[in-house]
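In mature numbering (1 follows the signal peptide of the UniProt record, and there is no 0), the protein residues as written are -20 to -1, 1 to 103.
Each residue gets a CB set at the ideal place from its N, CA and C atoms; glycine is no exception.
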Amino acid sequence: MNKQTVIALVLTLVASSAMADPAMVGDSKLGKVLTDGQGMTLYTFDKDSAGVSQCYEQCAKAWPPLQAAEDAVAAGDYSVVKREDGSMQWAYKGHPLYTWVKDSQPGDTTGDGVKGVWHVAKP
């Protein structure tokens, strides 16, 4: 390969990895759910409004937001939400995404239905 071919290949790989979805689809007892990179179930919160998180302080300790890099770029059904503290969070179809501290292994869905306002994120 010549130098230009190698550079083109590297740029293609970088672009495709930068555009990868921030979540994956995993299996659970509730069917297909969105998961983070470690396979942990992702959730949505009914009190959030489109593109705005309402989960801070104690809430965010129990329901950690799915963090996005400061330079993360929205793609497809995924968007980026700026939180009150300036950090960035991934959202799916406008709904900010969270994990649940009481899920202990991939496939757990113990947060579904908590207080009637938390739900597994479905693809």
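- About 6 Å separates the beta carbons of GLY31 and VAL61, which is inside the 8 Å limit, making them a contact pair.
- In the assembly as shown, GLY11 is an exposed residue. Its beta-carbon has fewer than 16 other beta-carbons within 10 Å.
- For the pair THR79 and PRO44, the CB atoms are nearer than the 8 Å cut-off.
- According to the DSSP secondary-structure assignment, THR15 is paired through a beta bridge with MET4, THR21.
- In the structure shown, the three-state DSSP call for ALA40 is helix.
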